[in-house]
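Chemist:
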Amino acid sequence: MTTVLQPTGLRSLARRAWTLLTNNWVLFALMMLETVLTLFVLGSQGGGFNPLLVVLMVYLHLAVLSGWFYQMKTVALKPDYRTGWGDFFEGVSVYAGRMLVGGGYLLLIFMAVFFASTIAANLVVTSPEPDVLSQLQAIALEGDNTKLWTYVQSQPLLQEQLFKIGAVFLAAVGVLGLFLLSIFFWPYNVVLYDMRWREAWAYSRRFIRQAWRPLIPLGFAWIGVHAFFVLSVFTGQVLLITLSYIAYLIGKTLLPLMTLLFLVDYAPERLTPIEEEEVA
67 MTTVLQPTGL
77 RSLARRAWTL
87 LTNNWVLFAL
97 MMLETVLTLF
107 VLGSQGGGFN
117 PLLVVLMVYL
127 HLAVLSGWFY
137 QMKTVALKPD
147 YRTGWGDFFE
157 GVSVYAGRML
167 VGGGYLLLIF
177 MAVFFASTIA
187 ANLVVTSPEP
197 DVLSQLQAIA
207 LEGDNTKLWT
217 YVQSQPLLQE
227 QLFKIGAVFL
237 AAVGVLGLFL
247 LSIFFWPYNV
257 VLYDMRWREA
267 WAYSRRFIRQ
277 AWRPLIPLGF
287 AWIGVHAFFV
297 LSVFTGQVLL
307 ITLSYIAYLI
317 GKTLLPLMTL
327 LFLVDYAPER
337 LTPIEEEEVA
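In our numbering, each number is its position in the sequence shown, counted from 1, plus 66.
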């Protein structure tokens with residue numbers, strides 16, 4: 067299959083992505099279904115935090131991406147084709163395993179960074195006095211943030227210790243953020259170029275080094291869509307939040323499609339044609 071290079075400007079990508087989306091609303095339906103499922107599962111925890119459940123939801127998301135990106139790849143290479151659930155499940159059957167293995171290694175990296183940051187925090191910060199620590203834990207369990215903040219303000223030494231601990235973990239989050247940014251394109255690479263997770267990570271870093279200039283507008287579009295929704299939440303207006311959330315979900319469908327189109331145009335020679343793909 068021959069892929070014709072298209073203009074990769076933001077406006078051109080948005081126009082092409084919108085055309086494909088209007089002909090394949092199943093792509094948006096899939097985003098809606100995953101969002102509703104995620105909100106239902108996480109909301110059923112009653113405000114508590116269950117790390118295992120969060121990890122499982124991340125794995126579910128990666129599995130969904132394997133089928134979703136395959137659908138997008140199909141319509142990107144065959145613009146007149148209308149994708150369906152059959153394509154989604156075909157993509158899951160081929161690529162979900164690679165996604166989950168890559169996700170497993172990401173989890174190990176997260177755990178290693180968290181463990182290293184915990185050790186670093188213990189080295190640079192002395193532990194609070196036992197009575198201060200017990201009092202802090204007791205107030206935290208009450209769930210009264212005002213009382214907690216008042217107590218912290220009354221303990222200058224505790225403030226300094228918490229600041230140092232926060233700085234260490236903020237640095238760890240920054241390192242993780244840069245790493246995740248460097249491999250941002252790996253799920254796309256797995257599906258578009260039929261890569262294993264390790265090769266997809268490496269190609270993502272190489273691709274960003276090569277194409278960072280044309281990626282800047284696309285990056286701002288990703289930031290803008292998320293910032294718009296967050297700012298609408300701060301208004302406290304239910305109608306505005308509802309409308310912005312719908313726009314946000316449409317944006318979360320369009321942006322991956324625009325990103326995939328950019329990758330298709332950037333390296334068409336690397337694409338695995340749909341007809342020649344085989345289940346690994």
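Virtual Cβ for every residue (Gly too), placed ideally from N, Cα, C.
Who are the Cβ neighbours of Pro283 in its own chain at under 7 Å, not counting the five residues just before and after it?
Modeler: Here residue 283 is taken as the residue at index 217 of the sequence shown, counted from 1. Once the five neighbours on either side are set aside, the close Cβ partners of Pro283 are Leu76.
Chemist: Using 8 Å as the Cβ pair cut-off and three pairs as the minimum, do the region 175-188 and the region 232-239 touch?
Modeler: yes
Chemist: For a minimum of 4 consecutive residues, which ranges assigned as the alpha helix (DSSP H) are wholly contained in the region 256-339?
Modeler: 263-301, 304-332
Chemist: Between the region 150-167 and the region 253-260, can you find at least three pairs of beta-carbon atoms closer than 8 Å?
Modeler: yes
Chemist: Just the C-alpha distance for Val249 and Gly170, rounded to the nearest angstrom, thanks.
Modeler: Counting from 1 along the sequence shown, the entry for residue 249 is found at position 183. Counting from 1 along the sequence shown, the entry for residue 170 is found at position 104. What sits at residue 249 in the sequence shown is Ile, not Val. Straight-line Cα distance between these residues: approximately 14 Å.
Chemist: Rounded to a whole number of angstroms, what is the C-alpha to C-alpha distance between Gly152 and Thr85?
Modeler: Sequence index remark: in the sequence shown, residue 152 carries index 86 (1-based). Sequence index remark: in the sequence shown, residue 85 carries index 19 (1-based). If you take the alpha carbons of Gly152 and Thr85, they lie about 21 Å apart.
Chemist: Distance, Cα to Cα, Leu224 vs Ala186?
Modeler: Sequence index remark: in the sequence shown, residue 224 carries index 158 (1-based). Sequence index remark: in the sequence shown, residue 186 carries index 120 (1-based). Our two residues, Leu224 and Ala186, have alpha carbons roughly 18 Å apart in a direct line.
Chemist: Using the Cβ count rule (16 or more neighbours within 10 Å means buried), how would you classify Gln137?
Modeler: Within the sequence shown, the letter at position 71 stands for residue 137. Under the 10 Å beta carbon count, Gln137 is surrounded by 16 or more other beta carbons and is classified as buried.
Chemist: If you check the beta carbons only, do Ala95 and Met324 fall under 9 Å apart?
Modeler: Locating residue 95 in the sequence shown gives position 29, where the first residue counts as 1. Locating residue 324 in the sequence shown gives position 258, where the first residue counts as 1. The answer is no: Cβ separation not under 9 Å.
Chemist: For Val77, report the span of its alpha helix (DSSP H) as first-last.
Modeler: Your numbering for residue 77 matches position 11 in the sequence shown. Looking at the sequence provided, one finds Arg at residue 77 rather than Val. Run containing Arg77: 76-89, per the alpha helix (DSSP H) assignment.
Chemist: In chain order, what are the residue ranges of uninterrupted beta strand (DSSP E) at least 3 long that sit wholly in the region 93-166?
Modeler: none
Chemist: Taking a contact to mean a Cβ-Cβ separation below 9 Å, would you say Met98 touches Leu321 in this structure?
Modeler: For the purposes of this step, residue 98 is identified with residue 32 of the sequence shown, where counting begins at 1. For the purposes of this step, residue 321 is identified with residue 255 of the sequence shown, where counting begins at 1. No, the Cβ-Cβ distance between Met98 and Leu321 is not below 9 Å.
Chemist: In chain order, what residues of the same chain lie with their CB nearer than 6 Å to the CB of Val191, ignoring the 5 residues before and after it?
Modeler: Translated into positions along the sequence shown, residue 191 becomes position 125. The answer, listed in chain order, is Gln227, Lys230, Ile231.
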